[in-house]
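Visitor: Quick one: the structure is below, and I'll ask about it shortly.
In my numbering, the protein residues as written are 26 to 288.
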């Protein structure tokens with residue numbers, strides 16, 4: 026049976042009334058001299074990215090910039106940091122790249138091509154006749170050719186890539202072909218959970234060797250202790266508006282403790 030006196034003791038310490046601004050987390054943040062929540066999943070700060078996959082990002086950026094493999098897959102379980110890596114890459118894209126992002130939910134090639142063209146130029150898509158839309162794959166091909174002739178490249182991120190249909194995946198694979206003066210107009214980064222590899226194995230047997238050549242497969246991995254500490258310190262830097270080196274030299278991890286870092 027519940028102890029009524031203990032419950033009353035707990036409740037009596039609460040304020041007479043609440044406002045929407047009265048939040049215990051706000052009080053906690055203020056007490057620790059922070060301006061935002063360092064426990065948030067994402068902190069909007071260009072320096073917030075932790076290079077737990079520095080080699081991965083370097084390989085992807087090198088492939089995109091230097092006309093190398095143009096189809097890449099970043100594999101990891103839900104919550105492993107795939108989107109954070111993708112966000113970091115997008116923030117560092119050269120100016121000649123045009124960025125496109127969407128989630129995959131089983132679209133066929135026509136639907137996916139229509140989505141890409143529509144997001145790049147909604148007015149252009151709206152002007153297409155019914156007959157033109159039946160030729161959308163040819164139009165998509167012409168768009169890629171036009172991009173590379175104008176020294177532009179399309180960088181597409183396909184989230185939840187495990188939902189790719191084979192038809193749409195073949196469209197993306199074929200998009201990596203050189204279009205003009207041996208230059209590629211397209212770079213695709215697929216974010217997917219590990220089960221997507223089963224589809225790759227099934228499809229690769231019947232696709233040409235270009236697919237095998239094009240793929241860069243990388244895997245997101247858990248933080249090491251060192252990476253965890255860096256993540257915490259950079260979160261505090263963004264929250265407390267202090268120097269990274271200052272906090273590190275002072276061993277100022279507040280409100281985190283050593284057990285939370287070394288667990």
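We put the CB at the ideal spot given by N, CA and C, even for glycine.
Compute the beta-carbon to beta-carbon distance between residue 217 and residue 195, rounded to the nearest angstrom, for a pair I have assumed lies under 8 Å.
Guide: In the chain shown, counting from the first residue as 1, residue 217 sits at position 192. In the chain shown, counting from the first residue as 1, residue 195 sits at position 170. That pair is no contact at about 16 Å.
Visitor: Here's a check: name, in chain order, each residue in its chain whose Cβ is nearer than 6 Å to the Cβ of residue 76, leaving out the five neighbours to either side.
Guide: Taking the chain shown and counting its residues from 1, the one referred to as residue 76 is at position 51. The predicted position of residue 76 is uncertain, since its pLDDT is 47 and thus under 50; a value taken from the coordinates is nonetheless stated next. Same-chain partners within the cutoff: there are none.
Visitor: Report the CB separation of residue 181 from residue 213 in whole angstroms; it is logged as a contact under 8 Å.
Guide: The residue you call residue 181 lines up with position 156 of the chain shown. The residue you call residue 213 lines up with position 188 of the chain shown. Contact flag correct, Cβ pair sits at about 5 Å.
Visitor: What is the C-beta distance between residue 210 and residue 173, in whole angstroms, given that I count them as a contact (C-beta under 8 Å)?
Guide: Here residue 210 corresponds to residue number 185 of the chain shown, with the count starting at 1. Here residue 173 corresponds to residue number 148 of the chain shown, with the count starting at 1. Sure, about 4 Å apart at Cβ, within 8 Å.
Visitor: If you draw a straight line from the alpha carbon of residue 40 to that of residue 277, how long is it in whole angstroms?
Guide: Here residue 40 refers to the residue found at position 15 of the chain shown. Here residue 277 refers to the residue found at position 252 of the chain shown. Roughly 32 Å separates the two Cα atoms.
Visitor: For residue 162 and residue 177, what's the separation of their Cα atoms in angstroms?
Guide: Working through the chain shown from its first residue, we reach residue 162 at position 137. Working through the chain shown from its first residue, we reach residue 177 at position 152. Residue 162 and residue 177: Cα-Cα distance of roughly 20 Å.
Visitor: Between which two residues does the beta strand (DSSP E) carrying residue 184 extend?
Guide: By one-based count along the chain shown, residue 184 stands at place 159. Where residue 184 is concerned, the enclosing beta strand (DSSP E) stretches over 178-184.
Visitor: How far does the beta strand (DSSP E) with residue 212 in it extend, from its first residue to its last?
Guide: Residue 212 sits at position 187 when you count from the first residue of the chain shown. Run containing residue 212: 211-217, per the beta strand (DSSP E) assignment.
Visitor: For residue 100, which option in 190, 82, 199 has the closest C-alpha, if you only look at C-alpha atoms?
Guide: If you number the chain shown from 1, residue 100 lands on position 75. Among 190, 82, 199, the Cα nearest to that of residue 100 is on 82.
Visitor: What do you get for residue 10, buried or exposed, if any count of 16 or more other CB atoms within 10 angstroms of its CB means buried?
Guide: With the chain represented from 26 up to 288, any question about residue 10 goes unanswered, as that position is not in the structure.
Visitor: When the distance is taken between beta carbons, is residue 260 closer than 8 Å to residue 63?
Guide: By 1-based counting over the chain shown, the position of residue 63 is 38. By 1-based counting over the chain shown, the position of residue 260 is 235. Cβ atoms of residue 63 and residue 260: closer than 8 Å.
Visitor: Tell whether a beta-carbon distance below 8 Å holds between residue 117 and residue 192.
Guide: The residue labelled residue 117 in the question sits at position 92 within the chain shown. The residue labelled residue 192 in the question sits at position 167 within the chain shown. Cβ distance not < 8 Å, so residue 117 and residue 192 don't count as in contact.
Visitor: For residue 190 and residue 169, which I take to be in contact (beta-carbon distance under 8 Å), what is that distance rounded to the nearest angstrom?
Guide: The residue given as residue 190 occupies position 165 in the chain shown. The residue given as residue 169 occupies position 144 in the chain shown. 20 Å between Cβ atoms; not a contact.
Visitor: Return the CA-CA distance between residue 254 and residue 269, expressed in angstroms with no decimal places.
Guide: The residue you call residue 254 lines up with position 229 of the chain shown. The residue you call residue 269 lines up with position 244 of the chain shown. If you take the alpha carbons of residue 254 and residue 269, they lie about 12 Å apart.
Visitor: Residue ranges of each alpha helix (DSSP H) run of no fewer than 4 residues wholly in the segment 130-180, ordered along the chain?
Guide: Listed in chain order, they are 134-145, 147-152, 155-158, 161-174.
Visitor: With DSSP run on the structure shown, which of helix, strand or coil describes residue 5?
Guide: This structure leaves residue 5 out entirely; the chain is present only between 26 and 288.
Visitor: Taking all protein chains shown into account, do 16 or more other C-beta atoms lie within 10 angstroms of the C-beta of residue 105, making it buried, or fewer, making it exposed?
Guide: The residue labelled residue 105 in the question sits at position 80 within the chain shown. So residue 105 ends up on the buried side.
Visitor: How about residue 197 and residue 96: are their beta carbons less than 8 Å apart?
Guide: Numbered from its first residue, the chain shown carries residue 197 at position 172. Numbered from its first residue, the chain shown carries residue 96 at position 71. Contact: yes.
Visitor: To the nearest angstrom, how far is it from the Cα of residue 282 to the Cα of residue 258?
Guide: Within the chain shown, numbered from 1, the residue matching residue 282 stands at position 257. Within the chain shown, numbered from 1, the residue matching residue 258 stands at position 233. When rounded, the distance between both Cα atoms is 12 Å.
Visitor: Reducing DSSP to helix, strand and coil, say where residue 124 ends up.
Guide: For the purposes of this step, residue 124 is identified with residue 99 of the chain shown, where counting begins at 1. Residue 124: strand per DSSP, three-state reduction.
Visitor: Around the Cβ of residue 124, are there at least 16 other Cβ atoms within 10 angstroms (buried) or fewer (exposed)?
Guide: What you label residue 124 is simply residue 99 of the chain shown in a count that begins at 1. The residue is exposed, with fewer than 16 neighbouring Cβ atoms inside 10 Å.
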